Structure formats: structure tokens, C-alpha cells
Amino acid sequence: MYSSYKSLFKIQWKIYSIGDKPLPRPIPLDMIVMFVVLLPLGALLAKPTAPILNQPFWGVALLFTAALSYLFNKFDPQGRPFIVFLFDFFRYLIGPQHRDFTFRAAPKRRKLKLFWDTMSLSD
Numbered sequence: 664m665y666s667s668y669k670s671l672f673k674i675q676w677k678i679y680s681i682g683d684k685p686l687p688r689p690i691p692l693d694m695i696v697m698f699v700v701l702l703p704l705g706a707l708l709a710k711p712t713a714p715i716l717n718q719p720f721w722g723v724a725l726l727f728t729a730a731l732s733y734l735f736n737k738f739d740p741q742g743r744p745f746i747v748f749l750f751d752f753f754r755y756l757i758g759p760q761h762r763d764f765t766f767r768a769a770p771k772r773r774k775l776k777l778f779w780d781t782m783s784l785s786d
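Structure (C-alpha cells):
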């Protein structure tokens, strides 16, 4: 990962305790959101893997989900969190493709054809 000033400006929301009980280490809120979003994918990967490993299904699903959420949390495309990158990418695919300099949708303009005639000069 490249060196930047991102850590100075990025606000990390963390959970330090649940009720009156403090956690051994704070959990970032974006990691929890990533975990919940990736839980169906972890369950899908655990379906064929749990019988092979002879382990309980939900244990393998939670392990896969934890590993995927950790890896995706460390993945930092274009200096943004992975969830924000995916949201912007899908918004770009769905939204209008022509934008002006303020990133608002620009109206499509008709292409005008211009015909030039040259005069022939004869002596």
C-alpha cells in the first residue's frame, strides 16, 4: 500500500465496549458492516467445505466470513474502503455516463455535421 495522508483524515468509528463489558480490542464499525454483508458469501463457501473438513457448518461459515472481511478491509482501491469503492463502481455503471466538471449529469448534445465546399480558382 502506498504512503499517503489518508490516515490523518479518515475517521474510524470503533466499538470499545458492549454494555458494561469492555472488549479486549476495539472493533471498527466498517469491519462489522463488512462481516454482515459477506456472511451470505461465507455461508455459500462453507456449504461444500464444511463436510470435507468435518467441521460444523456455521463455524466454517463464520471463519470464512471473518477471513474475507479482514482481507476486504485491508484491500484499499483508490484510497477508499472497499465497500465505498464497490458502491461508487455500481453507481457509475447504473448512472449517466456523461458528466460535466461538477459531476452532475450533462445533457447529451446532438452532433452537428458541417459540410465545407471549396471554391476552385481558375485562371
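Residue numbers for the sequence shown follow our numbering, so the first one is 664 and each next one is one higher.
Beta carbons: idealized from backbone N, C-alpha and C, even for Gly.
Owing to the predicted nature of the structure, the values given are computational and were not obtained by experimental measurement.
- Judged by their CB atoms, Y679 and P685 are nearer to each other than the 8 angstroms cut-off.
- Our two residues, K774 and H761, have alpha carbons roughly 14 angstroms apart in a direct line.
- An exposed status is given to V699, since fewer than 16 other beta-carbon atoms sit within 10 Å of its beta-carbon.
- DSSP places R688 inside the beta strand (DSSP E), whose first and last residues are K684 to P691.
- Separation of A713 and L701 (C-alpha to C-alpha, rounded to the nearest whole angstrom) is 17 angstroms.
- Between L692 and K677 the beta-carbon gap is near 7 angstroms, inside 8 angstroms, which marks them as a contact.
- Of Q718, S732, I681 and P719, the smallest CA-CA separation from I695 is found for S732.
- For K677, the enclosing beta strand (DSSP E) covers residues K677 to I681.
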